[in-house]
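Undergrad: Heads up: the first sequence is residues 125 to 614, going by my numbering.
Even for Gly, the Cβ is constructed at its ideal location relative to N, Cα and C.
First, the structure itself, so that you have it in front of you.
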Amino acid sequence: MAKEIKNRDENYSEWYNNLVIKADLAENSAVRGCMVIKPYGYAIWEKMQAELDRRFKETGHVNAYFPLFIPKSFLSREAEHVEGFAKECAVVTHHRLMSDPEGKGLVVDPDAKLEEELIVRPTSETIIWNTYRNWIKSYRDLPILCNQWANVVRWEMRTRLFLRTTEFLWQEGHTAHATAQEAMEETRRMVDVYASFAKEIMSLPVWTGPKTASERFAGAVETLCIEALMQDGKALQAGTSHFLGQNFAKAFDVQFANREGKLDYVWATSWGVSTRLMGALIMAHSDNNGLVLPPKLAPIQVVLVPIYKGEEEMGAICSHLQDLNDRLQKMGLSVKLDNRDNVRSGFKFSEWEVKGVPVRIAVGPRDVQNGTVEVARRDTLEKQILPLERIEETVVALLKEIQDNIYMKALDFRSRNTFEINSYDEFRERIEDGGFFLCHWDGTAETEAKIKEETKATIRLIPEREDPRPGKCMYSGKPSAQRVVFARAY
RNA sequence: CGGGGUGUAGCGCAGUUGGCUAGCGCGCCACGUUCGGGACGUGGAGGCCGAAGGUUCGAGUCCUUUCACCCCGACCA
Numbered sequence: 125m126a127k128e129i130k131n132r133d134e135n136y137s138e139w140y141n142n143l144v145i146k147a148d149l150a151e152n153s154a155v156r157g158c159m160v161i162k163p164y165g166y167a168i169w170e171k172m173q174a175e176l177d178r179r180f181k182e183t184g185h186v187n188a189y190f191p192l193f194i195p196k197s198f199l200s201r202e203a204e205h206v207e208g209f210a211k212e213c214a215v216v217t218h219h220r221l222m223s224d225p226e227g228k229g230l231v232v233d234p235d236a237k238l239e240e241e242l243i244v245r246p247t248s249e250t251i252i253w254n255t256y257r258n259w260i261k262s263y264r265d266l267p268i269l270c271n272q273w274a275n276v277v278r279w280e281m282r283t284r285l286f287l288r289t290t291e292f293l294w295q296e297g298h299t300a301h302a303t304a305q306e307a308m309e310e311t312r313r314m315v316d317v318y319a320s321f322a323k324e325i326m327s328l329p330v331w332t333g334p335k336t337a338s339e340r341f342a343g344a345v346e347t348l349c350i351e352a353l354m355q356d357g358k359a360l361q362a363g364t365s366h367f368l369g370q371n372f373a374k375a376f377d378v379q380f381a382n383r384e385g386k387l388d389y390v391w392a393t394s395w396g397v398s399t400r401l402m403g404a405l406i407m408a409h410s411d412n413n414g415l416v417l418p419p420k421l422a423p424i425q426v427v428l429v430p431i432y433k434g435e436e437e438m439g440a441i442c443s444h445l446q447d448l449n450d451r452l453q454k455m456g457l458s459v460k461l462d463n464r465d466n467v468r469s470g471f472k473f474s475e476w477e478v479k480g481v482p483v484r485i486a487v488g489p490r491d492v493q494n495g496t497v498e499v500a501r502r503d504t505l506e507k508q509i510l511p512l513e514r515i516e517e518t519v520v521a522l523l524k525e526i527q528d529n530i531y532m533k534a535l536d537f538r539s540r541n542t543f544e545i546n547s548y549d550e551f552r553e554r555i556e557d558g559g560f561f562l563c564h565w566d567g568t569a570e571t572e573a574k575i576k577e578e579t580k581a582t583i584r585l586i587p588e589r590e591d592p593r594p595g596k597c598m599y600s601g602k603p604s605a606q607r608v609v610f611a612r613a614y
């Protein structure tokens, strides 16, 4: 394994793709740019879903579902929105096939052409706001706090497993509010939900803050985001929360009678995270032995591996392990007893390491005799012999420690790769090695575009600081209110 | 959409200037020996050589077309 997964100084794409496949998470499908998420990978996504959903409910949201297809005319209602998405839409033009008159399989039936083409949703703002128009008449109907779990399609030129697939799974929250302030608070609330989810569940430290105007969501007034640093030094946008102002309400004519009895347009937000989070998880924590999963997302938290010679010894050890299995399960842990007899224990060790199982417990005849177990942790690869007595409490504590340690490791990595730079020459040189760069910027789109053109680095976000220190733009020398975060990004 | 690369067994690959019966490693199946960090031996199964067309006595190999995937760009909440 170690020789197959390369470190980040070599070809990272190879490292990453290889890891995804070796860890049994996903593979390319027959369909361009799409991926098959395999059972082990999907189990991780399900855990993410469950935890996010819990947090959405906690903040007063409910789930709903809207159609996959969007009439083409809907998309064009909001000028910036159509501008942003038109180039990457899959379009349904017909609804029927027929056998080829020339005998070459199936062809589209020209008589089945749709009156109005349908777009496969790249995001659902338009169809949802078209629906909300009917739901909202009065301020008493507000707020609407809906989320949907869905798939979306964006026909990007270039795809990457988990990070940018043609079809991906996500959740999109769409809320409607009576006031701008309330909508802005919602935008903030949800980006904070994402940030705490990243930290507490994914062990992933993120920066939080607004995007610059040029990096905003198409149709948004303000975009807040969480940004994480991957081990190859590139940034990854892991989630966004948009304040949409009244743009969509105006485009879809969603007005309500306010407390004063006057008609006003509704204020909107939308926010989402996707299976890209899986990519973040993989790229932030993995090492040369494979995937490293934080316990809270690991489909299997503890794997039990028997070490034995011969059948009767295996029987004895497995019944011993079955007992341990039950004790651990009673603690609410997800445990796997690997009693396969066609592979040896050394093979199992490697395999579960590649899959990122946080804790492995091995038991052999020696342990049975001594009343001990061998406990190995995935994050540090350390092993120790521990007494079997009260082992379930030890393991619960260890899982918590691993969860924290993975976070600390990622945080430490980020700190070591975050730099304050003042000179543009130095910036150009250092950006090659990756990392986050805190630099002064004059606030103009021109400077931002120039820097992007010359260095491929973009402004990931404008960090929210209690005491923003002014300075001079590293590029133009003009005054700058505060440092912003530059990085090369996926 | 441009540049480069790859399609041969489940996976990873070799296959020379066209040549006769298409190979290797891993995995799989059977048996035996093993078993505290990816075991070994012996035997066996597994192929429309990405697809279509062409050149030829003969094509995995040459030509044309096409499809898919990977990498680098362009593009991208």
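Under 8 Å, do residue 253 and residue 342 count as touching if we go by C-beta distance?
TA: Result no, Cβ atoms of residue 253 and residue 342 do not sit closer than 8 Å.
Undergrad: Would you mind working out which of 205, 234 and 208 sits nearest residue 219, comparing C-alpha positions?
TA: Scanning 205, 234 and 208 for the CA closest to the CA of residue 219 turns up 234.
Undergrad: Mind checking who residue 284 pairs with in its DSSP beta bridge?
TA: 288
Undergrad: When the Cα of residue 462 is compared with those of 426, 158, 530 and 208, which residue comes out closest?
TA: 426
Undergrad: When the Cα of residue 141 is compared with those of 178, 596, 396 and 407, which residue comes out closest?
TA: That would be 407, whose Cα lies nearest to the Cα of residue 141.
Undergrad: Count Cβ pairs between the segment 282 to 301 and the segment 154 to 171 that sit closer than 8 Å; are there 3 or more?
TA: The segment 282 to 301 makes contact with the segment 154 to 171; the number of CB pairs closer than 8 Å reaches 3 or more.
Undergrad: DSSP three-state label for residue 272, please.
TA: strand
Undergrad: Output the distance between the C-alpha atoms of residue 190 and residue 275, rounded to the nearest integer angstrom.
TA: 11 Å
Undergrad: How would you label residue 472, buried or exposed, when you count the other beta carbons within 10 angstroms and need 16 or more for buried?
TA: buried
Undergrad: Any contact of the segment 387 to 404 with the segment 442 to 455, i.e. 3+ C-beta pairs under 8 Å?
TA: no
Undergrad: Would residue 567 pass as a contact of residue 611 if the rule is Cβ separation under 8 Å?
TA: The beta carbons of residue 567 and residue 611 sit no closer together than 8 Å.
Undergrad: Just to confirm the assignment: which complete beta strand (DSSP E) runs, minimum length 3, are found wholly within the segment 332 to 356?
TA: 346 to 353
Undergrad: Sorted by chain position, which residues of the same chain lie with C-beta nearer than 7 Å to residue 535's C-beta, five sequence neighbours on each side aside?
TA: Contacts found: 329.
Undergrad: In terms of alpha-carbon separation, which member of 236, 241, 246 and 173 lies closest to residue 207?
TA: Taking only the C-alpha atoms, the option nearest residue 207 is 246.
Undergrad: To the nearest angstrom, how far is it from the Cα of residue 165 to the Cα of residue 321?
TA: 19 Å
Undergrad: In chain order, what are the residue ranges of uninterrupted beta strand (DSSP E) at least 3 long that sit wholly in the segment 225 to 263?
TA: 230 to 232 and 237 to 244
Undergrad: State buried or exposed for residue 504, treating a residue as buried only when at least 16 other CB atoms are found within 10 Å of its CB.
TA: Flag for residue 504 reads exposed.
Undergrad: Could you give the distance in angstroms between the alpha-carbon of residue 584 and the alpha-carbon of residue 608?
TA: 8 Å
Undergrad: Is residue 190 helix, strand or coil when you go by DSSP?
TA: If DSSP states are grouped into helix, strand and coil, residue 190 belongs with coil.
Undergrad: State the beta-bridge partners of residue 389 as determined by DSSP.
TA: 379
Undergrad: Excluding five sequence neighbours on each side, which residues of the same chain lie with their C-beta closer than 8 Å to the C-beta of residue 354?
TA: 360, 404, 407, 408 and 614
Undergrad: Around the Cβ of residue 509, are there at least 16 other Cβ atoms within 10 angstroms (buried) or fewer (exposed)?
TA: Flag for residue 509 reads exposed.
Undergrad: Alpha carbon to alpha carbon, what distance is there between residue 364 and residue 400?
TA: Annotation: residue 400 to residue 364 spans about 12 Å, alpha carbon to alpha carbon.
Undergrad: For residue 203 versus residue 569, is the C-beta spacing smaller than 8 Å?
TA: No, these two residues do not count as a Cβ contact at 8 Å.
Undergrad: Counting along the chain, where does the alpha helix (DSSP H) carrying residue 489 start and finish?
TA: Residues 489 to 494.
Undergrad: Which value, in whole angstroms, describes the spacing of the CA atoms of residue 311 and residue 512?
TA: 49 Å
Undergrad: From residue 259 to residue 563, what distance separates their C-alpha atoms?
TA: 46 Å
Undergrad: Closer than 8 Å is the cut-off here; do at least three beta carbon pairs connect the segment 410 to 428 with the segment 299 to 311?
TA: no
Undergrad: When you compare only the Cα positions, how much space is there between residue 582 and residue 464?
TA: 50 Å
Undergrad: Please classify residue 375: is it buried, with 16 or more other beta-carbons within 10 angstroms of its beta-carbon, or exposed?
TA: buried
Undergrad: What do you get for residue 296, buried or exposed, if any count of 16 or more other CB atoms within 10 angstroms of its CB means buried?
TA: With 16 or more other Cβ atoms inside 10 Å of its own Cβ, residue 296 counts as buried.
Undergrad: Name the DSSP beta bridge partners of residue 596, please?
TA: Its beta-bridge partners are 603.
Undergrad: Measure the Cβ-Cβ separation of residue 198 and residue 145 and say whether it is below 8 Å.
TA: no
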